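Counting the sequence shown from 1 gives a position; this note's numbering is that position plus 302. Worksheet: one structure, shown below.
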Amino acid sequence: MAVSIEKISGSAYLAFPEMSYALEAEFLERNIVSEEVFASKKFFGDILYLPDHEATLIPYFCKTALTDLFILKFDSITDAVHSLCDIQRNWAPALFQYFRRGMLIQDKMPYVNLKVRTFPCTIPQSPIGVYTLIDEHTIFASAVTTSFLPAGNIEFVENHEEPPSRAYLKLYEALTVLPLLFPEKKVLLPKAQNRCLDAGACPGGWTWVLRKLGASVVAVDRSELDQNLMNDRFVTFMKHDAFTLNIDELGEFDWIFSDVICYPQRLYDWIISWIQSGKLHKAICTIKLQGKTDWNLIDKFAQIPNARICHMNYNKHELCLFIIND
Ligand SMILES: C[S@@+](CC[C@H](N)C(=O)[O-])C[C@H]1O[C@@H](n2cnc3c(N)ncnc32)[C@H](O)[C@@H]1O
303 MAVSIEKISG SAYLAFPEMS YALEAEFLER NIVSEEVFAS KKFFGDILYL
353 PDHEATLIPY FCKTALTDLF ILKFDSITDA VHSLCDIQRN WAPALFQYFR
403 RGMLIQDKMP YVNLKVRTFP CTIPQSPIGV YTLIDEHTIF ASAVTTSFLP
453 AGNIEFVENH EEPPSRAYLK LYEALTVLPL LFPEKKVLLP KAQNRCLDAG
503 ACPGGWTWVL RKLGASVVAV DRSELDQNLM NDRFVTFMKH DAFTLNIDEL
553 GEFDWIFSDV ICYPQRLYDW IISWIQSGKL HKAICTIKLQ GKTDWNLIDK
603 FAQIPNARIC HMNYNKHELC LFIIND
């Protein structure tokens, strides 16, 4: 059998682990596809393939979309490797079967970092394709995808000793994907001399990350942070409702963070009041999604000037809002 490549119609989508239900719901709730088109979906493992839908709007709950699909038929692993590498350098597997065969293919291709990462790290901004084996001699793939992360994946080496909560992983991820969301801006990480507001800070995972980076933090919550952070002279704790803070009295912040558990509307109003104050430079906030998602409100967040929204690996049932004004 000779090697053959055939372009196929449609587009395919991957969500983070255990979040496929949210991706599927979003397709229908936001009317990204009709019920009829959605009914023709197929699954290759976790890959949701819509044969009758070309990618238009990419759902937030999609970690990467495969937007220029083809089927590659091949005899040998070497044939598969050569065919993929003839198209482009970087490829990542999204395997659900033939794992050994898939990794033999991956090992022969130019190196891409599929490992768990150590924070801080930089993600190369180079196109990366995604492929899977739908049988021993057939690859389903796209060279064009919507993420620079390999198959949209990102995970960090965990620190089980120091951080007071696992929420630090969320901020690791947000600060790592930030440059990918704003390729046109040169955004630096929070650093010494930076002043940060951490709203909903208890027990202190995010404040811990910010202190590790050298920034000083005003941490606001109804409950105190972990004692080490409370004793840190670069952490100022305010026992207060974050939403009734007097913005004018707080001074300037380089970064505003919020991980407050609240209705999205509350967060939206708060962010708008910061923007209106002229004091919002950079912000990272989680939008907690309880019950049925109000997609009109999510659209309003997305329409904030210089805002991006994405779903991250460590988010689960929430989205992450980024605003980078300067
Ligand atoms: C998900 S936890 C934050 C975890 C934190 N980011 C960390 O890294 O450890 C949410 C926090 O929001 C706080 N919170 C809820 N409503 C609040 C409000 N109106 N003002 C300030 N904090 C609030 C809760 O007390 C809780 O500590």
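Cβ coordinates follow ideal geometry from the N, Cα and C atoms, glycine included. Please read all numbers here as calculations on a predicted model, not as lab measurements.
- The segment 438-446 makes no contact with the segment 586-595; the number of CB pairs closer than 8 angstroms stays below 3.
- Between the segment 454-463 and the segment 380-393, the count of C-beta pairs closer than 8 angstroms stays below three; the two stretches do not touch.
- In this structure, ligand 1 has a non-hydrogen atom nearer than 7 angstroms to the beta-carbon of S467.
- Excluding residues up to 5 positions away in sequence, I349, Y351 and L368 lie with their Cβ nearer than 6 angstroms to the Cβ of A314 in the same chain.
- Burial state of I310 is exposed, judged by a 10 Å Cβ sphere holding fewer than 16 other Cβ atoms.
- Counted as a single uninterrupted DSSP element, the beta strand (DSSP E) harbouring K309 occupies residues S306 to K309.
- DSSP places L350 inside the beta strand (DSSP E), whose first and last residues are I349 to L352.
- C-alpha of V511 to C-alpha of S336: approximately 43 angstroms in a straight line.
- Closer than 7 angstroms to some heavy atom of ligand 1: that does not describe the Cβ of D534.
- For K472 and S575, the gap between their C-alpha atoms comes out near 25 angstroms.
- In this structure, ligand 1 has no non-hydrogen atom nearer than 7 angstroms to the beta-carbon of A521.
- Apart from sequence neighbours up to five positions away, the residues of its chain that approach P566 with a beta-carbon distance below 8 angstroms are I589, K590, L591, D596, L599, I600 and F603, ordered along the chain.
- Counting only the Cα atoms, P361 lies some 11 angstroms from E331.
- Contact between I379 and I407 holds, with the beta-carbon distance rounding to 5 angstroms and staying under 8 angstroms.
- With respect to the 8 angstroms criterion, M614 and A476 are classified as neighbours on the basis of their beta carbons.
- Per DSSP, the beta bridge partners of E620 are K590.
- Per the C-alpha coordinates, the member of A396, R402 and L435 positioned closest to L416 is A396.
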